[in-house]
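Engineer: In our numbering, the protein residues as written are 1083 to 1388.
Given below as structure tokens:
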């Protein structure tokens, strides 16, 4: 009798281990409903335009109009032209130079605000002072460099009056130097903000422990602060690189038409109604940016910052 009871218990236990189909709970359904508006917005304003861009990149065109088709000529022209490759390399060059400068300047500004300004009120005031110029238009802030760097501008006039140069310096404006300077001015804040946010989250007891262990200020910076600031630096890098690679107005105005970028090339193609060619360049540029962002995310885990 006892054996029969034992076998029945085993059958009952074995039967209880079988997976049962559970109905969708109201909480899970509510979570899907809450995410639905954001999913619709992202799908309509982000995924759908990218899909249309990809589709149009395979169309044919001439001076009269666009013709729905499936041809690879636009990508062949994009990837098979040395001029296009030089334009992409020039864009990557601008992105790399601006990234290095903004990372250096942005880190030290954020470091000063986070560790050398003692009161939270003063930190807020100084941070607002950094952000106030960025409340104006990018175009206005970019064009404001022209009277400063021009042939008869403030810099050249001052240098000539001081006797440091005999004649105006030509490369200050309408050159790659002017493009980089304007981009650094425009995008440094996008590096300062995430780094400052990361530095403010660092536990100050870690710095005190390193100091008590005999670490020098440089060792504290190198072994404690910089590793913990990597998520903010990665987020700032993503912001700066994507903004620089998508910028065409700064390159067009500050170089005087002497430099080129992929975004400026696409703008010129669209002005000539070459929309499929511009779409193909946009797809290639998007893939390049996604590869760069993916490489950054592989190196740094920015989820610590989110």
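Glycine included, every Cβ here is placed at the ideal spot set by N, Cα and C.
Assuming contact is defined by CB atoms lying nearer than 8 Å, are residue 1289 and residue 1302 in contact in what I supplied?
Structural biologist: The residue labelled residue 1289 in the question sits at position 207 within the chain shown. The residue labelled residue 1302 in the question sits at position 220 within the chain shown. Closer than 8 Å, so yes.
Engineer: Pop quiz: residue 1152 and residue 1140 are said to be a contact at Cβ under 8 Å. What is the actual Cβ separation, rounded to whole angstroms?
Structural biologist: Taking the chain shown and counting its residues from 1, one reaches residue 1152 at position 70. Taking the chain shown and counting its residues from 1, one reaches residue 1140 at position 58. Going by Cβ atoms, the distance from residue 1152 to residue 1140 rounds to 5 Å, so yes, they are a contact pair.
Engineer: Would you report the Cα separation of residue 1143 and residue 1115, rounded to the nearest angstrom?
Structural biologist: The sequence position of residue 1143 within the chain shown is 61, counting from 1. The sequence position of residue 1115 within the chain shown is 33, counting from 1. Near 43 Å, if we compare the C-alpha coordinates of residue 1115 and residue 1143.
Engineer: Going by the beta-carbon positions, is the gap between residue 1322 and residue 1192 smaller than 8 Å?
Structural biologist: Here residue 1322 is taken as the residue at index 240 of the chain shown, counted from 1. Here residue 1192 is taken as the residue at index 110 of the chain shown, counted from 1. Cβ atoms of residue 1322 and residue 1192: not closer than 8 Å.
Engineer: Starting from the Cα of residue 1369, find the closest Cα among 1349, 1333, 1328 and 1352 and give me that residue.
Structural biologist: Taking the chain shown and counting its residues from 1, the one referred to as residue 1369 is at position 287. Measuring from the Cα of residue 1369, the nearest candidate turns out to be 1328.
Engineer: Which residues in the same chain as residue 1196 place their Cβ atom closer than 7 Å to its Cβ, once the five residues preceding and following it in sequence are excluded?
Structural biologist: The residue labelled residue 1196 in the question sits at position 114 within the chain shown. Only 1278, 1281 and 1282 meet the Cβ criterion.
Engineer: For residue 1165, which of 1132, 1341, 1146 and 1372 has the nearest alpha-carbon?
Structural biologist: Reading the chain shown from its first residue, position 83 is the one you call residue 1165. Minimum Cα distance to residue 1165 is reached at 1341.
Engineer: I need the straight-line Cα distance from residue 1346 to residue 1133, nearest angstrom please.
Structural biologist: Here residue 1346 refers to the residue found at position 264 when the chain shown is read from its first residue. Here residue 1133 refers to the residue found at position 51 when the chain shown is read from its first residue. Cα to Cα, residue 1346 sits roughly 22 Å from residue 1133.
Engineer: Counting Cβ pairs, one atom from each stretch, are 3 or more of them under 8 Å apart for the region 1249-1263 and the region 1175-1182?
Structural biologist: In short, these stretches touch, since the Cβ pair count reaches three.
Engineer: Starting from residue 1294, trace the alpha helix (DSSP H) both ways and give me its first and last residue.
Structural biologist: Locating residue 1294 in the chain shown gives position 212, where the first residue counts as 1. Looking at the DSSP string, the run of the alpha helix (DSSP H) that includes residue 1294 is 1286-1294.
Engineer: How many Å lie between residue 1285 and residue 1291 at the Cα?
Structural biologist: By one-based count along the chain shown, residue 1285 stands at place 203. By one-based count along the chain shown, residue 1291 stands at place 209. Answer to the nearest angstrom: the Cα atoms are 10 Å apart.
Engineer: DSSP three-state call for residue 1159: helix, strand or coil?
Structural biologist: What you label residue 1159 is simply residue 77 of the chain shown in a count that begins at 1. Residue 1159 falls in the helix class under three-state DSSP.
Engineer: Let me confirm a value: residue 1234 is counted as buried when at least 16 other C-beta atoms fall within 10 Å, else exposed. Which label applies?
Structural biologist: In the chain shown, residue 1234 corresponds to position 152, counting from 1. Exposed: under 16 other Cβ atoms inside 10 Å.
Engineer: In chain order, what are the residue ranges of uninterrupted alpha helix (DSSP H) at least 4 long that sit wholly in the region 1302-1386?
Structural biologist: Here the runs fully enclosed are 1308-1327, 1331-1336, 1344-1353 and 1357-1381.
Engineer: Counting C-beta neighbours from all protein chains within 10 Å, is the total for residue 1356 16 or more, i.e. buried, or is it exposed?
Structural biologist: Reading the chain shown from its first residue, position 274 is the one you call residue 1356. With 16 or more Cβ atoms within 10 Å of its Cβ, residue 1356 is classed as buried.
Engineer: Could you check what DSSP says for residue 1120 in three-state terms: helix, strand or coil?
Structural biologist: Taking the chain shown and counting its residues from 1, one reaches residue 1120 at position 38. Helix, per DSSP.
Engineer: Would you mind working out which of 1268, 1270, 1236 and 1269 sits nearest residue 1254, comparing C-alpha positions?
Structural biologist: Here residue 1254 refers to the residue found at position 172 of the chain shown. It is 1236.
Engineer: Going by DSSP in three states, residue 1258 sits in which element: helix, strand or coil?
Structural biologist: Translated into positions along the chain shown, residue 1258 becomes position 176. It is helical.
Engineer: Between residue 1334 and the rest of its own chain, which residues show a CB-CB distance below 7 Å, the 5 nearest in sequence each way excluded?
Structural biologist: Here residue 1334 refers to the residue found at position 252 when the chain shown is read from its first residue. Hits under 7 Å: 1346.
Engineer: Let me confirm a value: residue 1221 is counted as buried when at least 16 other C-beta atoms fall within 10 Å, else exposed. Which label applies?
Structural biologist: Translated into positions along the chain shown, residue 1221 becomes position 139. Answer is exposed; the Cβ neighbour count stays below 16.
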